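Beneath this line is the structure, given in structure tokens, with notes to follow.
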Amino acid sequence: MDTTDRTIFLLDMDAFFASIEQREDPNLMGKPVIVVGSASQRSVVCAASYEARGFGVHSAMPYVQAARLCPQAKVVAAHPGLYRSVSRNIFSICENFTDMLEISSIDECYMDMTGTAERFGGAVRAAVMIKERIRSAERLSCTIGIGPGKLVAKLAAGIKKPDGLYQIKRQDIPKLFSTLPISKLHGIGAKTAAKLKSMGITTAGSLGRADRRVLARVFGTMGDALADMGAGRDDSPVIPYYMRPRPKSLSHEHTLEKDTRDPGLLRHTLRYLSEQVAYRLRNQGLYAKNVGITLRFRDLERITRSRTIGNATDDGLAIYKTAQELLEIAMKDPRPIRLIGVSAGSLEEGIMQYGLFDNPKRKTLSEVVDGLNSRFGSMSVKPASLLNTEENDHITFKG
Amino acid sequence: MRATCARKDLYHGIQTVSRAIAGRSAWPILNNVLIRSEEGQLRLTAFDLELGMECTVPASVSTPGSLTVPARLIVDVLATLPEAEVEISVDEQNQVNVRCEKSDYTILGLPPEEFRPLPEIPGDRSFEITEAALRDVIKQTIFAVSPDETRAILTGTLFILGEDAIKVVSTDTHRLAVRESPVAKASGEASCIVPKRALDELSRLLEDSDSGVTVFIADSQIKFIAKGVTIVSRLIDGQFPNYERVIPGEFQKKLTIPAEEFLAKVRRASIVARENANRIVLRTEGDRLVMTAESGDVGKAYEELEIVKDGEDIEIAFNAKYLTEFLSVVGTEGVFMELTGSLNPGAMKPVGKDNYLYVLMPMQIM
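Dropping the structure here:
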């Protein structure tokens, strides 16, 4: 692939959840805001406004710690449904600029503007237009990084946050990378950075110039990828959802309020997670031939158990039944359970063979329930066994 | 024990019963065949605790007794010995000696006392049926047995013994085959699930003949006696699904289709369909049945044939394999296909016979 002429945008919403909360409640404007899943001791910070970040609060930090750092912060419970709907609106604005849109999280997407940026008067003009459209439609600000690849675009966005716009051209890379700490490269974590440092590699530029053979010896197959990153080379394509390969598996997990061995609570959570997995299967037109569970015990050891089922399914109850059998076996381990998850694997496309003993009413029921839930929010309609319970809604986000 | 018999007889006898030995059992005695002397014959038994088989071969016994020997080994030795008398004997250390002309083999056996005897089956629930009839009954139902070991109940065939008939049912939850046959000397009523493996072994023995097969049913075992061979099998424990519930009571369209032509065309179309989950779409256009299959990676198939149709036109998709498996064993010139809608089960029956029913679920047309 010739990648010299690519124009890649990374659009990142600024303090997304916190900004939405500030928009919804003017009293929160200009104040430190912390958004949490629920105000329990084990909750973590979902998002922090820039005012709160000034106190050292950041997302994924335990709530207790955040409250210590910034006791005056306004603490708000998350509104996942609202965030999802705003997110959808923003991405549909982006789709007016290119169809090559890769949504990487609820508040971030890559856009391949190669060839299309010119129609809007160039990359920077296009980025300004996108920012303005989002601001006028949603009253929210975002940062757009522009680069010849995803890696550099992400880096560019990080340089001018919040409400920024920054372009790094290919010819700027050598100079910029010569002083750029390797930890700033997206994809290099603390461990890799420490290892590289011990080899005398501290800047992106020095990583790019490092001997590939030495990198390969230390990092194995990752060696080449690291050297490419150091040189700012990044061929990875922007993959829109409709071109994305079929997932190998789908899973949902839940960290329990406290470590438990209560079979009722565990079964209940399992049922909820099974319904979530089944909903996503149906949404993507997939059927699972394999059902698995994940347990994480108090000592943080994680186990998974899975089983192949007779007929591929997209039914929450069928998934739950197998998951529950697996749970019963796994519960022979006496350790208290911290986290529980359900996964669906061996996914097949929907060339569906109907079963003689299937209940056709269940299939119709699932379709109707999915329709209602997509209109009124996840789990607005749910199995009776999940009634009278706290809302367990989750959203995934990248910090 | 010491006896002589024709190589061919001993070889075929041991080969037949050794099919009851599944493989390398961790318990060595289960890999052995038991040979016991009787008057003028040797009784051969193999039993891996699931399936047991027994037969006799003519022999002249000079010292009565019994021995066990690894089935696989002795079959391999007997297979290549010259066509002559074989003398088989055993010493006190359970070393089995096989001699034939100038060949002399010593094979390490195990004490016969270790061999598990075949279970006794009481004779109060039993029936008789001809070889040919039983062969057809098995052939017309066994293909619908599920290969899915996680649902043990469906890996066997349901036998229901009534007053003067048996009903035999197999299903893998996508299709269902039901076959009835009259039987003789039926005593007692019974319902049991017979593992596919036992029926496979039984089918190997059965020929197109009027000789009788006697069947005994106990609570957890079934015994077949055919052609001098006894087959004993463990039954599958559990409740067979309520298959009667899924047999369509009524239908809106009825097609009469020439079976052989239909089979040939479905087979050909499935060359394309096999790349797409075997899906083949059937569509009626007046008195024509159009079959199409499509696969993005391969291409398209189109076939048509003349049929007789009652009712409106219909479009429905089936797994081609489910059609060919039925059409290859139905054994009549014509078949009926009774349909209602593209999501409802279809029923297939031989024209002119009412003892065989095949129900199959459609696939999504898309």
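Heads up: the sequence lines are chains A and B, in that order. Residue 399, in my numbering, is where the first sequence stops; the numbers in between run on with no holes. Residue 1366, in my numbering, is where the second sequence stops; the numbers in between run on with no holes. For each residue, glycine too, the CB sits at the ideal point set by N, CA and C. In this text, all values refer to a predicted model and were calculated from it rather than measured experimentally.
Asked, Found
"Could you tell me the distance, in whole angstroms, from the CA atom of Arg-1279 (chain B) to the CA atom of Tyr-1356 (chain B)?", "24 Å"
"Short check: CB of Pro-1082 (chain B) to CB of Cys-1100 (chain B), under 8 Å?", "yes"
"Can you look up Arg-307 (chain A) in the DSSP assignment and give me helix, strand or coil?", "strand"
"Decide if the region 168-177 of chain A is in contact with the region 142-154 of chain A; the criterion is three or more beta carbon pairs, one per stretch, under 8 Å apart.", "yes"
"DSSP three-state call for Phe-55 (chain A): helix, strand or coil?", "coil"
"I need the DSSP call for Ile-201 (chain A), collapsed to helix, strand or coil.", "coil"
"If you drop the 5 nearest sequence neighbours on each side, which residues of the same chain put their C-beta closer than 6 Å to that of Ser-1220 (chain B)?", "Leu-1235"
"For the candidate residues B:Ser-1060, B:Val-1069, B:Ser-1037, B:Ala-1026, whose alpha-carbon lies nearest to that of Gln-1015 (chain B)?", "B:Val-1069"
"How would you call Ser-198 (chain A), buried or exposed, if buried means at least 16 neighbouring beta carbons within 10 angstroms?", "exposed"
"Flag Arg-1151 (chain B) as yes if its beta-carbon sits less than 8 Å from any beta-carbon of chain A, otherwise no.", "yes"
"Can you find a CB in chain B that lies within less than 8 Å of the CB of Asn-311 (chain A)?", "yes"
"Give me the residue from B:Leu-1327, B:Arg-1002, B:Ile-1316 with the minimum Cα distance to Glu-1092 (chain B).", "B:Arg-1002"
"Counting C-beta neighbours from all protein chains within 10 Å, is the total for Glu-390 (chain A) 16 or more, i.e. buried, or is it exposed?", "For Glu-390 (chain A), the pLDDT reaches just 47, beneath the cut-off of 50, and the residue's location in the model is therefore unreliable, although a value from the coordinates is still provided. Counting Cβ neighbours within 10 Å, Glu-390 (chain A) comes out exposed, since fewer than 16 surround it."
"How many Å lie between Leu-1323 (chain B) and Arg-1175 (chain B) at the Cα?", "10 Å"
"Answer yes if the region 1298-1306 of chain B comes into contact with the region 1256-1264 of chain B, meaning at least three C-beta pairs across the two stretches below 8 Å, and no otherwise.", "yes"
"In chain B, which residues lie with their C-beta within 7 Å of the C-beta of Thr-308 (chain A)?", "Thr-1150"
"Provide the residue(s) that pair with Pro-1258 (chain B) in DSSP beta bridges, ordered along the chain.", "B:Gly-1334"
"Taking the alpha carbon of Leu-1202 (chain B) as the point to measure from, which residue in B:Thr-1173, B:Ile-1138, B:Ser-1209, B:Ala-1320 has its own alpha carbon closest?", "B:Ile-1138"
"Mapping DSSP to helix, strand and coil, what is Leu-365 (chain A)?", "helix"
"So, Val-45 (chain A) versus Val-57 (chain A), is the Cβ gap smaller than 8 Å?", "yes"
"Within the continuous beta strand (DSSP E) that includes Met-1053 (chain B), where are the two ends?", "1051-1058"
"May I have the straight-line CA-CA distance separating Val-1017 (chain B) from Met-1053 (chain B), to the nearest angstrom?", "5 Å"
"At the level of alpha carbons, what is the spacing between Pro-1111 (chain B) and Trp-1027 (chain B)?", "13 Å"
"Does the Cβ-Cβ distance between Ala-1190 (chain B) and Thr-1141 (chain B) come in under 8 Å?", "no"
"Spatial neighbours of Ala-124 (chain A) within its chain, please: C-beta separation below 8 Å, excluding the five flanking residues on both sides.", "It should be pointed out that residue 124 (chain A) corresponds to Val in this sequence rather than to Ala. Result list for Val-124 (chain A): Ile-146, Leu-165, Gln-167, in chain order."
"What residues of chain B sit near Ala-355 (chain A), judged by a beta carbon separation below 7 Å?", "It should be noted that the sequence gives Gly, not Ala, for residue 355 (chain A). By Cβ distance, chain B contributes Thr-1173, His-1174, Met-1361."
"Are the C-beta of Met-352 (chain A) and some C-beta of chain B separated by less than 8 Å?", "yes"
"CA-CA distance, Leu-339 (chain A) and Arg-282 (chain A)?", "25 Å"
"Decide if Asn-89 (chain A) is buried, meaning its Cβ has at least 16 other Cβ atoms within 10 Å, or exposed.", "exposed"
"Which residue comes first and which comes last in the alpha helix (DSSP H) that contains Leu-82 (chain A)?", "80-94"
"Return the bridge partner residues of Gly-1296 (chain B) from the DSSP annotation.", "None, per the DSSP bridge assignment."
"Counting Cβ pairs closer than 8 Å, one from the region 1222-1232 of chain B and one from the region 1287-1294 of chain B, do we hit at least three?", "no"
"Kindly indicate which three-state DSSP category Val-214 (chain A) falls into: helix, strand or coil?", "helix"
"Let me see if you follow: with CB-CB separation under 8 Å, is Pro-984 (chain B) close to chain A or not?", "Nothing in the structure corresponds to residue 984 (chain B), since chain B is present only between 1001 and 1366."
"Excluding five sequence neighbours on each side, which residues of the same chain lie with their C-beta closer than 6 Å to the C-beta of Ala-1293 (chain B)?", "Ala-1269, Val-1272, Ala-1273, Ile-1280, Ala-1301"
"Quick test of your reading: Arg-23 (chain A) and Arg-133 (chain A), contact by CB under 8 Å. State the CB separation rounded to the nearest angstrom.", "Arg-23 (chain A) to Arg-133 (chain A), Cβ: 16 Å. No contact."
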